[in-house]
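Below is one structure; the comments refer to it alone.
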Amino acid sequence: MDPYLVDWLNLLARWVHVVAGIAWIGSSFYFIWLDNHLQTPSVRREGADPISGELWAVHGGSFYRSQKYSPAPGRLPETLHWFKWEAYWTWFSGMFLLALIYWWGAEIFLVDPEVARLAPSTAVLISAAFLAGGWFAYDLLCRLPTRDNDLAFGVLLLAFVSILAWGLCQLFSGRAAYILFGAVLGTIMVGNVFFVIIPKQRELVAAVERGEVPDATAAIRAKHRSVHNTWLTLPVLFAMTSHHFAMTYGHKYNWVILIAVSLAGALIRVYFVGRQKGNGSLPAAIAALLLLLGVAALIAPQRTVASDRETVTLGQVRTIVEHRCTVCHSSEPTFAAFPAPPGGVVLDTDTQIVAEARRIHQQTVITRVMPIANVTGMSEEERTALDRWYRQNADPS
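Mind the numbering: the sequence shown is residues 0 to 396 in numbering that gives the first Met the number 0, read in order.
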């Protein structure tokens, strides 16, 4: 496929993915917030439908009144709004991006021979199996007796996602492992919507239309899955933006970092939901902060004293960059996958190399994520030379 066409497909699909994701997460956060801020109606009308809570709000120059019926109104309105397509389009566009970038370009973005020597087709099949298997494993957890105990279920869910993070990081490149982790969690979230939340809501609607009292169990199950989606939201958002931060996915303990940051994200969400309920969730926020500080300490670059015995010149560095880096990072890349230099980084001249010294050192020596999948075969001696040159000439410490 023409790289220029791939770039346009990437741009448009990513745009749709971000917009749909904002709509889905925004509506999800809003309804969680709304449910936690409902107040008992001040006036009850005799014979009126049972209203368990209401909320008044002002926005955009107008007043709004939201009411929650429990278990349901006696009669449904002609127009009933459903919230599902935001979730579906987020998943559709995300899967398209996954296929376009990580499956179509599996030999570059998905497979890392230094992690596991997988054939591209094998890697694609395994990653697809993770997506489907992740949903079935999670759904099985939701059918255990612990499903009604938030703490017990939370522990099981943490164990599950920890195994998932470890397994992905043992098979795929760090960047791909993080994206696949987010894709599995995203698939679980949209699976909750498609297989549980919407069907349970249809049961409620059907019961009201028949003039029956809705089964409270259906509402409880839908609510549980909605809460699970809330816990998973921030970990998914981190995973989906992680490709900007090689210091995380490029670390030798990338799976530990992924688990810790994901747990921190879930705890942050627990804090905000608890704050809305007014039940004191500050310990969750403190635990999240400590986790993030621990990760920052873990991945901090180790400072070493530059060696004066073997001086590395800019000319030597230029030779390494020309052979290993400029196939992509040039004003006219020769690597077919990139019609333009990734990230806008161009290393054609000495001035450009010196200007990007910190980034070159970070990506090739500290995180070792470049060259991507080491497609140009950068050797350990070359990485050592880049390290010495940076520390002798450019390291501010």
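Note that beta-carbon positions come from the ideal geometry of N, C-alpha and C, so glycine has one too.
Grab me the residues of residue i's own chain with a C-beta within less than 8 Å of its C-beta, minus the 5 sequence neighbours each way, in chain order.
| i | result |
| --- | --- |
| residue 242 | 174, 177, 178 and 248 |
| residue 340 | 327, 328, 329, 330 and 332 |
| residue 375 | 322, 323, 324 and 326 |
| residue 62 | 55 and 56 |
| residue 199 | 217, 218, 220 and 221 |
| residue 26 | 82 and 85 |
| residue 279 | 273 |
| residue 290 | 259, 260, 262, 263 and 266 |
| residue 42 | none |
| residue 337 | 2 and 327 |
| residue 49 | 68, 69 and 70 |
| residue 397 | Because the chain here runs from 0 to 396, residue 397 falls outside it and cannot be looked at. |
| residue 0 | 103 |
State yes or no: is the C-beta of residue i within less than 8 Å of the C-beta of residue j?
| i | j | result |
| --- | --- | --- |
| residue 365 | residue 300 | yes |
| residue 231 | residue 267 | no |
| residue 17 | residue 86 | no |
| residue 239 | residue 166 | no |
| residue 99 | residue 5 | yes |
| residue 65 | residue 54 | yes |
| residue 145 | residue 136 | no |
| residue 381 | residue 319 | yes |
| residue 133 | residue 183 | yes |
| residue 287 | residue 270 | yes |
| residue 117 | residue 170 | yes |
| residue 229 | residue 192 | no |
| residue 114 | residue 172 | yes |
| residue 164 | residue 257 | yes |
| residue 298 | residue 250 | yes |
| residue 235 | residue 185 | yes |
| residue 372 | residue 110 | yes |
Tell me, which residues are paired with residue i by DSSP?
| i | result |
| --- | --- |
| residue 199 | In DSSP, residue 199 forms no bridge with anything. |
| residue 63 | 56 |
Can you give me the Cβ contacts of residue i inside the same chain, cut-off strictly under 6 Å, excluding the 5 residues immediately before and after it?
| i | result |
| --- | --- |
| residue 369 | 362 and 363 |
| residue 157 | none |
| residue 23 | 85, 86 and 89 |
| residue 112 | none |
| residue 219 | none |
| residue 168 | 176, 253 and 254 |
| residue 360 | 389 |
| residue 342 | none |
| residue 28 | none |
| residue 206 | 213 |
| residue 126 | 179 |
| residue 161 | 258 |
In chain order, what residues of the same chain have a beta carbon less than 7 Å from the beta carbon of residue i, not counting five sequence neighbours either side?
| i | result |
| --- | --- |
| residue 196 | 221, 224 and 225 |
| residue 355 | 344 and 346 |
| residue 203 | 71, 213, 217 and 218 |
| residue 52 | 37, 38, 39 and 67 |
| residue 233 | 264, 265, 267 and 268 |
| residue 335 | 2 |
| residue 275 | 32, 35 and 36 |
| residue 159 | 136, 137 and 140 |
| residue 142 | none |
Quick check on the DSSP output: what are the complete beta strand (DSSP E) runs of length 3 or more inside the region 1-61, in order along the chain? 50-58
Would you call the region 71-81 and the region 92-103 touching, i.e. three or more CB-CB distances under 8 Å? no
Are there three or more Cβ pairs, one per stretch, closer than 8 Å when the region 53-71 is compared with the region 213-220? yes
Sufficient close CB pairs (3 or more, under 8 Å) joining the region 105-124 to the region 11-20: With a cut-off of 8 Å, the region 11-20 and the region 105-124 do not count as touching, because too few Cβ pairs lie within range.
Could you tell me which whole beta strand (DSSP E) segments of length 3 or greater appear in the region 65-101? none
Please give the ranges of any alpha helix (DSSP H) in the region 173-259, keeping only runs that are unbroken, at least 4 residues long and fully inside the region. 173-190, 197-208, 215-240 and 245-248
The region 246-264 contacting the region 290-298, beta-carbon criterion three pairs below 8 Å: Contact between the region 246-264 and the region 290-298 is established, with three or more Cβ pairs separated by less than 8 Å.
Can you confirm whether the region 345-356 touches the region 309-320 when touching is taken to mean that 3 or more C-beta pairs between the two stretches lie within less than 8 Å? yes
Which runs of the alpha helix (DSSP H) at least 4 residues long sit entirely within the region 271-354? Give them in chain order. If we require 4 residues or more, the alpha helix (DSSP H) runs fully inside the region 271-354 come out as 281-297, 313-323 and 349-354.
For the region 122-183, list the alpha helix (DSSP H) runs that are entirely contained and at least 4 residues long, ordered along the chain. 149-170
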